[in-house]
Amino acid sequence: MIKFIHTADIHLGTNFKDSYFGGEIGNIRRKELWETFEKLINQVKKQSIDLLLIAGDLFENDTFTFKDFFRLTGNLESIPSTKVIIISGNHDKFHSNSFYLTEQWPDNVTILGKSGLDSIYFRDLNLNVIGYSWDNYSRKESSIINQIEIKKDSSNILVLHGDDTSAYMNFEFQKLKDLNLDYVAFGHIHKPKFIYENMAYCGSLEPLDITETGDRGYIEGIIGEENTFKFIPFSKRRYLSYKISINEDMNYQDVVNSIINNVSHSNLDFLMLEINGIKAREFDIDTLKEYLKREYFYVDVVDNSIEDFDLESLRESYKDTLIQYYIDSFDENELNEPTYKKALYIGLSALLQGVE
Ligand SMILES: [Mn+2]
């Protein structure tokens, strides 16, 4: 039986400078990437994992320092009985000064693909691991797939970084399936996804970009009498996004309830909230923001809602103007229909802005 953990897209060293959060939160996230990676190494120890697969983008070439390298190899050294397989991705691709090529890595680490398609056979596990890495040269990858040879009478795992659409390193999933490998470990797409039951993207270990919503973690696999592969949520934080559509009849508590009943709730998570619809004039959005800020680690509210209008008083104030005619052009009975009402309100907001 072979027990493995499949991870990828950890992006150690990312400084989050250009990210949505940047600044202080970016600094925190940079540290947390390390901490979650170290937690994963502990998990490897605790579960006596035979094989740790890192399918590309382990670190960020531009910002990964020598100190970072020292910290990384210290971690990998601490699991000497685990075989660590690394391929490079587009963010840590090989170049002349690459840590992958210039530095000494711990004995239990194998960097695959230093010159094209590559493999290593572990006799004690009767396991063949095939891998391919990114470098500075662009190659058409479909041909590489034709060169993959599985080792008969042993288990075979393939490690790749790419997808079925990119210009560089693209492969057809079906073709890989036809190779009848025991498992294919993909990196590159940050959202965890099983392509087939034995071919998967583990996703990023921690969500990196604001769009990386939902669970993040790694894949745990067993190759033996029965093969099992399953996703394990593991990230410290999640980025959650929620769009709420409100109406003028909802009071503060209605809006809060709708949010907490529909979005999971943890003070470790980021919440990206978009508010649409029509908001009652008494509704206090700042109180809502303050409340959510206490409930989540980070909250971002985009308020697209339109404040409810008092149509009668507007008609009075703007008697015999375009605004009154505009209001009167809408059928009062149909204003119960939310989209109809919203159309009136959008037009009114525009007209009133012109008046101011
Ligand atoms: Mn990546």
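Quick note: the sequence shown, position 266, residue 266 per our numbering, numbers continuous.
The beta-carbon is built from N, C-alpha and C at its ideal position, and this holds for glycine as well.
Inset, instruction - Determine the burial state of VAL159: buried for a count of at least 16 other Cβ atoms within 10 Å of its Cβ, exposed for fewer. - result: Buried: at least 16 other Cβ atoms inside 10 Å.
Legend entry - Option nearest SER417 by Cα separation, candidates PHE171, SER88, LEU51, GLN104: The chain is shown from 1 up to 356; residue 417 falls before or after that span and cannot be answered.
Inset, instruction - Express the C-alpha separation of TYR239 and ILE28 in angstroms, rounding to a whole number. - result: Rounded to whole angstroms, the separation of the alpha carbons of TYR239 and ILE28 is 15 Å.
Legend entry - Whole-angstrom distance between HIS91 and THR14, CA atom to CA atom: For THR14 and HIS91, the distance between alpha carbons rounds to 10 Å.
Legend entry - 4-residue-minimum alpha helix (DSSP H) runs that sit fully inside the segment 30 to 110, ordered along the chain: Secondary structure within the segment 30 to 110: the alpha helix (DSSP H) runs of 4 or more consecutive residues, fully enclosed, are 66 to 77, 99 to 102 (chain order).
Inset, instruction - With DSSP collapsed to three states, give me the class of GLY357. - result: Residue coverage of the chain in this structure runs from 1 to 356, which leaves residue 357 outside it and unanswerable.
Inset, instruction - Keeping to the same chain, check which residues put their C-beta closer than 6 Å to that of VAL263; ignore five residues upstream and five downstream. - result: Correct list, in chain order: LEU240, TYR242.
Legend entry - Best match in LEU33, PHE283, PRO233, ILE232 for proximity to ASP254 [C-alpha to C-alpha]: The candidate whose alpha carbon is nearest that of ASP254 is PHE283.
Legend entry - HIS95 Cβ short of 7 Å to ligand 1 heavy atom set: No; taking the cut-off as 7 Å, the Cβ of HIS95 has no heavy atom of ligand 1 nearer than that.
Inset, instruction - From the DSSP output, read off the bridge partner residues of ILE157. - result: Residue pairing of ILE157 in beta bridges, as defined by DSSP: VAL129, TYR183.
Inset, instruction - Would you tell me roughly how many angstroms separate the C-alpha atoms of GLN324 and ALA167, rounded to the nearest one? - result: For GLN324 and ALA167, the distance between alpha carbons rounds to 57 Å.
Legend entry - Residues near LEU322 in its chain [Cβ-Cβ closer than 8 Å; skip 5 each side]: LEU351, listed in sequence order.
Legend entry - Environment of ASN75 [buried if 16+ CB atoms lie within 10 Å]: It is buried - the Cβ of ASN75 has at least 16 other Cβ atoms within 10 Å.
Legend entry - Bounding residues of the beta strand (DSSP E) (the contiguous stretch that carries ASP118): For ASP118, the enclosing beta strand (DSSP E) covers residues 118 to 122.
Legend entry - Close beta carbons around PHE387, own chain, < 6 Å, minus the five adjacent residues each side: Because the chain is modelled from 1 through 356, residue 387 falls outside the range shown and cannot be assessed.
Inset, instruction - Quickly, what does DSSP pair HIS6 with across the bridge? List them, please. - result: The partner list for HIS6 (beta bridge, DSSP) reads LEU53, ILE219.
Inset, instruction - For GLU363, I'd like the list of residues in its chain whose CB is within less than 7 Å of its CB, leaving aside the five on either flank, ordered along the chain. - result: Residue 363 is absent from the model: the chain starts at 1 and stops at 356.
Legend entry - Residues surrounding ligand 1 [beta-carbon distance to nearest heavy atom under 5 Å]: Result (chain order): ASP9, ASP57.
Inset, instruction - With DSSP as the reference, label VAL263 as helix, strand or coil. - result: VAL263 sits in coil when the DSSP states are folded into three classes, being neither helix nor strand.
Inset, instruction - Output the boundary residues of the beta strand (DSSP E) element that contains SER241. - result: Where SER241 is concerned, the enclosing beta strand (DSSP E) stretches over 239 to 246.
Legend entry - C-beta atoms of TYR196 and ILE223 nearer than 8 Å: Against a cut-off of 8 Å, the Cβ pair of ILE223 and TYR196 comes out as no contact.
Inset, instruction - Note down the Cα distance separating VAL44 from ILE54, rounded to an integer number of angstroms. - result: Cα to Cα, the separation comes out at about 13 Å.
Legend entry - HIS95 classed as buried or exposed, judged by whether at least 16 other C-beta atoms fall within 10 angstroms: By the beta-carbon neighbour count (other beta carbons within 10 angstroms, threshold 16), HIS95 is exposed.
Legend entry - Chain-order list of residues whose beta-carbon lies under 7 Å from that of SER349 (same chain, five-residue window excluded): For SER349, where only same-chain residues beyond five positions count, the Cβ hits under 7 Å are ILE306.
Legend entry - Candidates LEU12, TYR291, PRO106, of which the one nearest THR73 by Cα: Closest option to THR73, Cα to Cα, is PRO106.
Legend entry - Any beta strand (DSSP E) of 3 or more consecutive residues that is wholly inside the segment 287 to 327: Runs found: 298 to 303.
Inset, instruction - Rounded to whole angstroms, what's the CA-CA distance from PHE297 to ILE10? Just pull it up for me. - result: Their Cα atoms are separated by approximately 21 Å.
Inset, instruction - Assuming LEU101 contacts ILE148 (C-beta within less than 8 Å), just tell me the rounded distance between them. - result: Wrong, their Cβ atoms sit about 23 Å apart, outside the cutoff.
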